[in-house]
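For reference, the structure is listed below as structure tokens.
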Amino acid sequence: MKIYTLVECENRNSQRLLNKFIEKNIVVKKLSQHKEKLRFFIEDKDFKSVQSILNSMGLGFEIKRRGGSFFAKKFFLRYVSLIVASIIALVISGMGSRYCFGVQIECENNEVKSQVNAILDEYSVKNFMLKSSLDTKALSKDISNKIEEAGFVNCFFEGSILKIQIKQVHTDEEKPEYSRIVASCDGIVTRVLVYSGTALVKAGDVVKKGDVLIEGYIDTYPDTEENQRIPVEADGVVYAECAYSQRATISDKSIEEVRTGKSYKSTDLYVFGRLLGKKSKPSYEYYESVTETKVFGSVIPVKAVTTTYYEIEKRETTLTQSQIDEQITLYEMQVWQTLPEEAKLLKNYTLRKRVDNLYIIDIYYIVEQSICQGV
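Take 2 as the starting number for the sequence shown in the working numbering and just add one per residue.
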């Protein structure tokens, strides 16, 4: 089980920082910017390496959430519940090996189900009966003989459940339904591996999401009058070339919030959780605040909340080419993190277009991945 830690550091030299992570094989998850800060998740096992890199680069950082203690408790509770569940499962399985706890009739026709229930009453089938007291072969034969619509009947115990599978007699108008494997997304087929069934696509075919890739049947003599179509379970893997893209817009102007140097303090008093007087309001239109709380007195505790307000102003600055490149790199990593884990990267490229004071960035990743989805 992987444990992750949330780190927030200064957003300086982010490209160099990411390069150092790559050199140390440190995986970065959910990378994002927050004002002048850079936030990301790392595996807890890489915490010391990340700490060493940040210190060597002189980047101030803060651990927002350390995953170890939380997951340790979760790990303990999980295994306690597993032990209890295992004991209960052993007791139930011991009883299930001898007793019948229920009946499951697999049939779409409700009228046939009613007739089957009437036959079960004749056999005195009920919950908590001994499985050894019921002859399932005789029950299958009896249901097949008494119900004309039952073309095939199979009665058997699966654990503690009596299962009755009934396939009705098909008329000429009825067509068999086969299991299918369909495409989970758009792509160009690169490889097809069929374990069971018939492939309906080949390498080079363009498929859309929902298209049938493998269907659950086998033809005995294809394209001949003697051909018989045998239903089987559709099984296999189809690989395709898929594209992941994202468009980003970056302005060469940036709004920064900078403290002007002006500040003041305001203190509010609380007795038994109630505010004395009116709560003070900040005098600045744009500000940052830092709050400090102290409690005085033992018999009648008084809580003093002191808030320091710092005036800030917004300034427009022009980004350097290096800063724009860093933002583009962050967008590329965000797209990379959306790719499936098993996907194989084939190629990637980034297109840049300058319009007035904006950069329009198109990021593309081309991968090979499995696109199978059972139906």
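Note that CB positions come from ideal geometry on N, CA and C, so glycine has one too.
How many angstroms separate the CA atom of residue i from the CA atom of residue j?
i      : j      : result
Ser267 : Lys304 : 14 Å
Pro302 : Leu270 : 10 Å
Glu11  : Lys38  : 5 Å
Thr330 : Gln16  : 7 Å
Val104 : Glu149 : 21 Å
Leu19  : Gly217 : 48 Å
Thr172 : Val28  : In this prediction, Thr172 scores a pLDDT of 49, lower than 50, which makes its location untrustworthy; no coordinate-derived value is stated.
Val51  : Val259 : 29 Å
Tyr179 : Glu227 : 20 Å
Glu123 : Phe158 : 18 Å
Ser281 : Phe273 : 19 Å
Glu63  : Val207 : 48 Å
Val356 : Lys348 : 27 Å
Glu174 : Asp236 : At Glu174 the pLDDT is 46, less than 50, meaning the model places this residue with poor confidence; the figure from the coordinates comes in the next sentence. Near 28 Å, if we compare the C-alpha coordinates of Asp236 and Glu174.
Ser115 : Gln247 : 57 Å
Leu131 : Asn111 : 27 Å
Gly160 : Tyr222 : 40 Å
Arg181 : Val213 : 7 Å
Leu55  : Asp326 : 21 Å
Leu60  : Ser299 : 43 Å
Val296 : Leu277 : 14 Å
Tyr245 : Gln229 : 42 Å
Asp143 : Thr137 : 10 Å
Leu32  : Thr292 : 29 Å
Ala241 : Ala200 : 14 Å
Lys263 : Lys279 : 24 Å
Checking 8 Å against the spacing of the C-beta atoms, do residue i and residue j come in under that value?
i      : j      : result
Ile167 : Cys101 : no
Lys21  : Gln338 : no
Val368 : Leu352 : no
Gln335 : Cys243 : no
Ile23  : Gly188 : no
Ile165 : Cys156 : yes
Val202 : Val193 : yes
Ile215 : Val239 : yes
Val113 : Gln169 : yes
Ser145 : Ala151 : yes
Lys254 : Thr319 : yes
Ile184 : Lys147 : What sits at residue 184 in the sequence shown is Ala, not Ile. Taking 8 Å as the Cβ cut-off, Ala184 and Lys147 do not qualify as a contacting pair.
Ala204 : Thr225 : no
Glu289 : Tyr311 : yes
Drop a sphere of 10 angstroms on the beta-carbon of residue i, count the other beta-carbons inside from all chains shown, and report buried for 16 or more, exposed for fewer.
i      : result
Thr6   : buried
Lys3   : exposed
Gly198 : buried
Phe71  : Its pLDDT being 49, under 50, Phe71 is placed unreliably in this model, and the value from its coordinates should be taken loosely. Exposed: under 16 other Cβ atoms inside 10 Å.
Phe48  : buried
Phe41  : buried
Ser133 : exposed
Gln34  : exposed
Gln322 : exposed
Gln328 : buried
Ser141 : buried
Ser119 : The question names Ser, but residue 119 in the sequence shown is Ala. Exposed.
Leu121 : buried
Between the Cα of residue i and those of the options, spot the shortest distance and give me the residue it belongs to.
i      : options                        : result
Gly211 : Gly375, Ser284, Asn358         : Gly375
Ser285 : Leu276, Lys315, Arg192, Val300 : The sequence shown places Tyr at residue 285, not Ser. Out of Leu276, Lys315, Arg192, Val300, Lys315 has the C-alpha closest to the C-alpha of Tyr285.
Leu1   : Asp45, Val193, Cys186, Gly61   : No statement about residue 1 is possible, as the shown extent of the chain runs from 2 to 376 and does not include it.
Phe153 : Arg181, Leu135, Ile106, Ile182 : Ile106
Phe129 : Lys138, Arg99, Val28, Ile231   : Arg99
Val8   : Lys25, Asp357, Lys65, Ser264   : Lys65
Thr309 : Pro283, Asp326, Val183, Ser161 : Pro283
Glu333 : Ile362, Asp357, Thr319         : Ile362
Ile231 : Tyr240, Asp220, Val238         : Asp220
Arg275 : Val306, Val291, Glu63, Lys138  : Val306
Asn14  : Ile313, Lys127, Gln324, Lys354 : Gln324
Arg67  : Lys46, Thr261, Gly298, Ala249  : Lys46
Ile43  : Gly59, Asn56, Met58, Asn26     : Asn26
Ala249 : Lys279, Phe297, Leu32, Lys354  : Lys354
If I'm right that residue i touches residue j with Cβ under 8 Å, what's the distance once you round it to whole angstroms?
i      : j      : result
Tyr365 : Ile251 : With 8 Å as the limit, Tyr365 and Ile251 do not qualify as a contact, their Cβ atoms being about 17 Å apart.
Ile256 : Glu317 : 6 Å
Ile313 : Tyr287 : 5 Å
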